[in-house]
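The C-terminal residue of the sequence shown carries number 301 in our numbering, and the numbering is unbroken. Beta carbons: idealized from backbone N, C-alpha and C, even for Gly. Below: one structure, written as structure tokens.
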Amino acid sequence: MASTNVSAELKDFADFVQAGASLAAFTQLKMGGPAELLVQPRSLPELRAFLKRCFDKELPFRILGNGGNVLVQDEGVSGIILRLAAPAFTQISTEGSRLKAGAGATLAAVIAHATHHGLAGLETLIGLPGTLGGALLLNAGDRSSDIGQFVRRIEVIDNQAAVRVREHDEMRFTSAGTILEDPVLLSAEFDLETDRADAIIKRLRKAWIQYKASQPYSYQRSARIFKNPPGLNAAALIEQTGLVGTTVGGAQVSDRNANCIMVETAATARDVIRLIDLIRTRVQDRFRLELELAISVW
Ligand SMILES: Cc1cc2nc3c(=O)[nH]c(=O)nc-3n(C[C@H](O)[C@H](O)[C@H](O)COP(=O)(O)OP(=O)(O)OC[C@H]3O[C@@H](n4cnc5c(N)ncnc54)[C@H](O)[C@@H]3O)c2cc1C
4 MASTNVSAEL KDFADFVQAG ASLAAFTQLK MGGPAELLVQ PRSLPELRAF
54 LKRCFDKELP FRILGNGGNV LVQDEGVSGI ILRLAAPAFT QISTEGSRLK
104 AGAGATLAAV IAHATHHGLA GLETLIGLPG TLGGALLLNA GDRSSDIGQF
154 VRRIEVIDNQ AAVRVREHDE MRFTSAGTIL EDPVLLSAEF DLETDRADAI
204 IKRLRKAWIQ YKASQPYSYQ RSARIFKNPP GLNAAALIEQ TGLVGTTVGG
254 AQVSDRNANC IMVETAATAR DVIRLIDLIR TRVQDRFRLE LELAISVW
């Protein structure tokens, strides 16, 4: 569909649709071009009305959380980018040992809220960048646990723009992500354990130190690039190719985790893509193994 038609189809939603908005601030790498249309509804009715229009008119859209797993290309992204950043989608509440949070809430806010209410379980996810929606879709984790194991149910919007509840057993949480047919994750409810806040904080501190020891520093703009091949560790493979510290333009292979690329202010998405290609080629040459991208290139 031609761009002008997309804009015309969404003209009723002008209050929360922006043409040509920069996406850089909404990604961890802080780079890349604008979105043709950035849609940021302020309420559930607005979100549903927008989605209904997309489904009726067959307008494709993509959802952007905190862009921890997204590389936006320099020329920008055509089509519609949806963000659930309004307060209506970031609420967090607790009832007994259950915690409910909107998909737009950051994982950090969810963990802080749980700790404040003496609810334990999510500690090992500390440090992972991103929103609950992104973390759920990717079934973030890969250390001692993943987010899916704590999910009791998820609220989604289905492909008719209706809100539905999916129980834990209706979804599959795999190492490759969560298998779910609905297009939009709206919120999630977790079953957690009650514990003393000081005990939770102690575990959080330990998990944070362990995680940060193998990550670029917080002040460095970086992203994790490849999936771990079955039974192997992508960072260890890349290290063995001797590429640690290698730069292409403003992008560099991290010396703290070779599976992370760090970028300087002047770096372009093209630099990152060229460095990704170089890493892939070296790993392929040395191990006859094709690394699969974890990050999505938009
Ligand atoms: C430096 C660094 C280290 C990392 N280390 C780890 C790690 O150790 N373990 C690990 O598991 N991950 C790791 N990640 C990846 C991290 O888990 C993800 O970046 C993050 O959880 C995704 O959340 P996000 O909000 O950034 O999602 P985004 O990157 O914005 O989106 C990720 C995907 O989720 C989709 N999505 C987002 N919100 C919704 C929604 N509401 N409904 C439907 N789809 C949605 C997007 O369309 C996209 O396909 C790391 C990332 C970085 C940058």
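Beta bridge counterpart(s) of residue i as assigned by DSSP
i	result
GLN255	THR250, MET265
PRO37	SER25
ARG156	GLU170, GLU192
VAL300	LEU74
VAL20	VAL42
THR181	PHE176
LEU85	VAL42, ILE66
Cβ-heavy atom distance, residue i to ligand 3, below 7 Å
i	result
ALA191	With respect to ligand 3, the structure offers nothing, as its ligand set consists of ligand 1.
Alpha-carbon spacing of residue i relative to residue j, whole angstroms
i	j	result
LYS14	GLU158	28 Å
PRO132	VAL20	26 Å
GLU242	SER100	43 Å
GLN163	ILE182	19 Å
ALA88	GLY23	18 Å
ALA123	ALA17	42 Å
GLY137	MET174	16 Å
LEU200	HIS119	The displayed chain sequence assigns Ala, not Leu, to residue 200. If you take the alpha carbons of ALA200 and HIS119, they lie about 7 Å apart.
ILE84	PHE64	6 Å
SER148	GLY82	36 Å
ILE150	LEU40	31 Å
LEU240	ILE160	40 Å
LYS230	LEU296	6 Å
ARG169	ARG56	23 Å
Residues of its chain near residue i, where Cβ-Cβ distance is below 6 Å and the 5 sequence neighbours each way are ignored
i	result
ALA108	THR93, ILE95, LEU135
VAL251	ASP274, ARG277, LEU278
MET4	Low confidence applies to MET4: its pLDDT is 41, below 50, so where it sits in the model is not reliable enough to give any reading.
Whether residue i touches residue j by CB criterion (8 Å)
i	j	result
ILE203	GLU98	no
ILE282	VAL247	no
LEU2	LEU188	Outside the displayed span of the chain (4 to 301) sits residue 2, for which this structure offers no information.
VAL154	ALA191	yes
THR244	ARG289	yes
LEU67	ARG86	yes
ASN262	ILE298	no
VAL75	MET34	yes
ASP185	ARG156	no
Own chain, CB closer than 8 Å to residue i, minus 5 neighbours either side, in chain order
i	result
ILE114	LEU125, GLU126, LEU128, ILE129, LEU207
ASP198	GLY121, LEU122, ALA123
ASN69	PHE29, THR30, GLN31, THR109, PRO132, GLY133, THR134, GLY137
GLY253	VAL266, GLU267, THR268, ALA269, ALA270, THR271, ASP274
Reference residue i; option with closest CA among the options
i	options	result
VAL270	ILE212, GLN223, ASP149, LEU235	Reading off the sequence, residue 270 comes out as Ala, not Val. Comparing Cα-Cα distances from ALA270 to each of ILE212, GLN223, ASP149, LEU235, the minimum goes to GLN223.
ASN260	LEU74, SER217, TRP211, LEU294	SER217
ASP59	LYS215, VAL9, CYS263, ALA297	VAL9
LEU294	PRO48, ALA238, VAL300	ALA238
GLY234	ILE212, LEU292, LYS205	LEU292
ASP77	PRO219, CYS57, SER25	SER25
SER225	GLU267, LEU240, TYR214	GLU267
VAL80	GLU61, ALA106, PRO37, CYS57	PRO37
GLY105	LYS209, PHE193, GLN213	PHE193
GLN287	ILE264, VAL300, PRO232	PRO232
SER221	ARG45, PHE53, GLU12, GLY71	GLY71
Cβ-based neighbour list, residue i, same chain, cut-off 7 Å, excluding 5 preceding and 5 following
i	result
ALA117	LEU102, LEU125, LEU195
ARG285	THR244, LEU246
GLN43	PHE19, ARG86, ALA88, ALA89
GLU49	PHE19
LEU47	ALA91
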